[in-house]
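One structure is given here, and the rest of the page talks about it.
Residue numbers (my numbering): 15 to 145.
Below, the structure written as structure tokens:
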């Protein structure tokens, strides 16, 4: 079988183009879902800060410890979600779409890139979890 000849065929070139486009689009959509989901987690936690204060939970770390125990996400992940929400509120008035539209790497943007670039190191640094 001549693989070089197969690669020259229109059907094969068309298939490769379609597969590449599908893989790229699905990867983009998966990354977007993660970003949107992490933002939503941060938004939901931030929206209940005052409720937690009524029960003596005044610092984010206390809140995140409680939530972590009950939903199984690690505290640093929850902190990054909350940090992202706070950052979005400060820089973009809470408008995720505005941020995504302005991000230079919009089609390749990942949660990891947001944490390590936009949130100034995220979980790598020891941070004060309190407000």
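Even glycine gets a Cβ: it sits at the ideal position worked out from N, Cα and C.
- Residue 23 sits in coil when the DSSP states are folded into three classes, being neither helix nor strand.
- Closest option to residue 53, judged by alpha-carbon separation, among 102, 118 and 117: 102.
- Rounded to whole angstroms, the Cβ separation of residue 58 and residue 78 is 12 Å, and the two are not in contact under 8 Å.
- In summary, residue 99 is buried, with 16 or more beta-carbon neighbours lying within 10 Å of its beta-carbon over all protein chains present.
- The beta-carbon distance between residue 87 and residue 80, rounded to whole angstroms, is 12 Å. This is too long to meet the 8 Å contact definition.
- Under the three-state reduction of DSSP, residue 42 is assigned to helix.
- DSSP places residue 81 inside the alpha helix (DSSP H), whose first and last residues are 74 to 85.
- When the Cα atoms are used, residue 123 and residue 20 turn out to be separated by approximately 35 Å.
- When the beta-carbon positions are compared, residue 96 and residue 56 come within less than 7 Å of each other.
- A straight line joining the alpha-carbon of residue 85 with that of residue 31 spans about 41 Å.
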